[in-house]
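A.B. asks: Protein chains in written order, with the working numbering: chain A, 1 to 254; chain B, 255 to 465.
My questions will all concern the structure given below.
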């Protein structure tokens, strides 16, 4: 047998290469990279505030039309664009995040108050570790974070080395939309400063990780000692124009 | 009653941060502590979105919103600083590698329970961020807050009635009236604002104090 079912499944999630012998994960556009997102998918979106938020991929997801989505992101959208626009368009059934309330999260606020969106609120470190656990094949973990609070209500607890801990579950996704600085056709990625945030772990946790990069370089051009996300975690890479990251999520100075 | 102003509070906290400490300053009032570190004191500032060795805000015009702190404000990186992804950044605090975090609070109980993330009002949209991870993760969790609410109620209480952030996690409380240690033997007053008596401080505190 040429390929077992696991291999076949993994390969089918990648782009359709013109040559079976060449690993080439580069797609021509965000739209091409997200063409197959089905209704009801769980989609992780990288970024903390606006740093690392893959605007072009989110815009492409809006245009693509998939609905009834579950979104995993640290926040719940800023202003009227990107994730906020996806929410405003009524395409998101549920959001898993740590900090939805911001000074410019009016679309989420309205939907939440109207009961039109489900919120799973997760402490930020638990959110990150649940994503990491999914990518690492861990079936759950005990953490002190949240013990005795309403965010741990109903969860299994255990006294470990004299400290009470809460059982948290891994968080998987169908797709991860992440933003990196530079990549190559194998999907190796490096990031830019604090825009790294959720990118590396979301890439691990999703069946199909799609990375936008500002620059695509030849194989071997990225310093192997400095590659943050090895290409094995990334299924699709798309180049987008470099745009200066705008601020967001905080009160403007008076 | 005489009080420390916010800069004096920040100065007082900053004085207690030792050389070489790995420190995380919470959003809001605690952020001010960075402006008052004594000259020459070298600490490593951590921000949970994924930076260690964080420097002060950049000059106007030099902001780069790929380099921000947990409050999403632009910051700088000191020589020697580095970046972490989110899972590593929270492992850093949970794993006992963060010496001190300074957090704001709605209430602190006599046992060191902390409430600082949610007022619990039905209309309020809950948002927790890294508060719960910081509260239980840092080796020392310090709270920095006004001693009384705007309506004059004590914020140090026998039991928090706001939703909890963490149980028995606060080690020290810095207010505009005093510095108080939270220990097994209760709340011990380390320092009071000049001109305020222990009796006056006790009257503003809903938990017994001792010196």
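Here a beta-carbon is modelled for each residue, glycine too, at the ideal position from N, C-alpha and C.
Treat the numbers as computed from the prediction; the structure is a model and nothing was measured.
Tell me, please, which residues DSSP counts as bridged to residue 290 (chain B).
C.D. replies: Paired residue(s): none; residue 290 (chain B) is not in a bridge.
A.B. asks: My parser needs the beta strand (DSSP E) runs of 3 or more residues fully inside the segment 424-458 of chain B; what are they?
C.D. replies: Taking only runs of at least 3 residues, the beta strand (DSSP E) segments lying wholly in the segment 424-458 of chain B are 424-428, 432-437, 440-446.
A.B. asks: For the segment 283-298 of chain B and the segment 212-219 of chain A, state whether three or more C-beta atom pairs, one from each stretch, are separated by less than 8 Å.
C.D. replies: no
A.B. asks: Note down the Cα distance separating residue 42 (chain A) from residue 410 (chain B), rounded to an integer number of angstroms.
C.D. replies: Going from the Cα of residue 42 (chain A) to the Cα of residue 410 (chain B) covers about 43 Å.
A.B. asks: Using a 10 Å radius around the Cβ and a threshold of 16 neighbouring Cβ atoms, would you call residue 438 (chain B) buried or exposed?
C.D. replies: With fewer than 16 Cβ atoms within 10 Å of its Cβ, residue 438 (chain B) is classed as exposed.
A.B. asks: Nearest by alpha-carbon distance to residue 412 (chain B): which of B:462, B:406, B:423 is it?
C.D. replies: B:462
A.B. asks: Which class does residue 178 (chain A) belong to by DSSP, given the choice of helix, strand or coil?
C.D. replies: Looking at residue 178 (chain A) - three-state DSSP - the assignment turns out to be strand.
A.B. asks: Apart from the five residues just before and just after residue 351 (chain B), which ones in its own chain have a Cβ nearer than 7 Å to its Cβ?
C.D. replies: 276
A.B. asks: Within 8 Å (strictly less), CB to CB, does residue 326 (chain B) reach chain A?
C.D. replies: yes
A.B. asks: Which of the three DSSP states, helix, strand or coil, is assigned to residue 169 (chain A)?
C.D. replies: coil
A.B. asks: If distances are taken between C-alpha atoms only, which option among A:46, A:23, A:147, A:148 comes closest to residue 96 (chain A)?
C.D. replies: A:46
A.B. asks: Going by C-alpha distance, which of A:197, A:229, A:218, A:177 is nearest residue 206 (chain A)?
C.D. replies: A:177
A.B. asks: Run the CB neighbour count on residue 168 (chain A), radius 10 Å, all protein chains shown included, and call it buried at 16 or more, exposed below.
C.D. replies: Under this definition residue 168 (chain A) is a buried residue.
A.B. asks: Considering residue 88 (chain A), what are the terminal residues of the alpha helix (DSSP H) in which it resides?
C.D. replies: 83-88
A.B. asks: Can you list the residues of chain E that residue 321 (chain B) reaches, using a CB-CB cut of under 7 Å?
C.D. replies: Going by chain labels, chain E is absent from the structure shown, which instead holds the protein chains A and B.
A.B. asks: With H, G and I counted as helix, E and B as strand and the rest as coil, what does DSSP make of residue 126 (chain A)?
C.D. replies: helix
A.B. asks: Hey, is residue 109 (chain A)'s beta-carbon within less than 8 Å of any beta-carbon in chain B?
C.D. replies: yes
A.B. asks: Excluding the 5 residues flanking residue 260 (chain B) on each side, which residues of the same chain have their C-beta closer than 7 Å to its C-beta?
C.D. replies: 283, 286
A.B. asks: Quick one: what's residue 68 (chain A) bridged to in DSSP?
C.D. replies: Its beta-bridge partners do not exist; DSSP assigns none.
A.B. asks: Is residue 261 (chain A) close to chain B, meaning its C-beta is less than 8 Å from at least one C-beta of that chain?
C.D. replies: For chain A, the structure presents residues 1 to 254; residue 261 (chain A) sits outside this window and is missing.
A.B. asks: Which residues does DSSP pair with residue 213 (chain A) in a beta bridge?
C.D. replies: A:239
A.B. asks: So, helix, strand or coil for residue 194 (chain A), using DSSP?
C.D. replies: helix
A.B. asks: May I ask you to list, following chain order, the residues of the segment 221-254 of chain A that have a beta carbon less than 8 Å from some beta carbon of chain B?
C.D. replies: 228, 244, 245, 246, 247, 248, 249, 250
A.B. asks: Leaving out the 5 sequence neighbours to the left and right, which residues in its chain are closer than 7 Å to residue 248 (chain A) when beta-carbon positions are compared?
C.D. replies: 49, 50, 78, 79, 104
A.B. asks: For the beta strand (DSSP E) that residue 361 (chain B) lies in, which residues bound it at each end?
C.D. replies: 361-363
A.B. asks: Using the C-alpha atoms, what's the distance from residue 30 (chain A) back to residue 382 (chain B)?
C.D. replies: 32 Å
A.B. asks: In its own chain, which residues sit with a C-beta less than 7 Å from the C-beta of residue 374 (chain B), not counting the 5 before and 5 after it?
C.D. replies: 416, 417
A.B. asks: How would you write the range of the alpha helix (DSSP H) that residue 48 (chain A) sits in, first residue to last?
C.D. replies: Element bounds for residue 48 (chain A): n/a, residue is neither H nor E.
A.B. asks: Measuring alpha carbon to alpha carbon, tell me which residue in B:317, B:401, B:270 is nearest residue 363 (chain B).
C.D. replies: B:401
A.B. asks: In terms of residues, what are the limits of the alpha helix (DSSP H) holding residue 201 (chain A)?
C.D. replies: 199-205
A.B. asks: Going by beta carbon distance, what residues of the same chain come within less than 6 Å of residue 240 (chain A), once the five residues before and after it are set aside?
C.D. replies: 56, 212
A.B. asks: Excluding the 5 residues preceding and the 5 following residue 446 (chain B) in the sequence, name in chain order all residues of the same chain whose CB lies nearer than 6 Å to its CB.
C.D. replies: 432, 455
A.B. asks: Going along the chain, which unbroken runs of the beta strand (DSSP E) with 3 or more residues stay wholly within the segment 369-405 of chain B?
C.D. replies: 394-398
A.B. asks: Just reading off the alpha helix (DSSP H) that residue 158 (chain A) is part of, what are its end residues?
C.D. replies: From DSSP, residue 158 (chain A) is part of no alpha helix (DSSP H) but of the beta strand (DSSP E) over 157-160.
A.B. asks: Run through chain A and tell me which residues come within less than 7 Å of residue 340 (chain B), C-beta to C-beta.
C.D. replies: In chain order: 128, 197, 198, 201.
A.B. asks: Leaving out five residues before and five after residue 457 (chain B) in sequence, what residues of the same chain have Cβ atoms less than 7 Å from its Cβ?
C.D. replies: none
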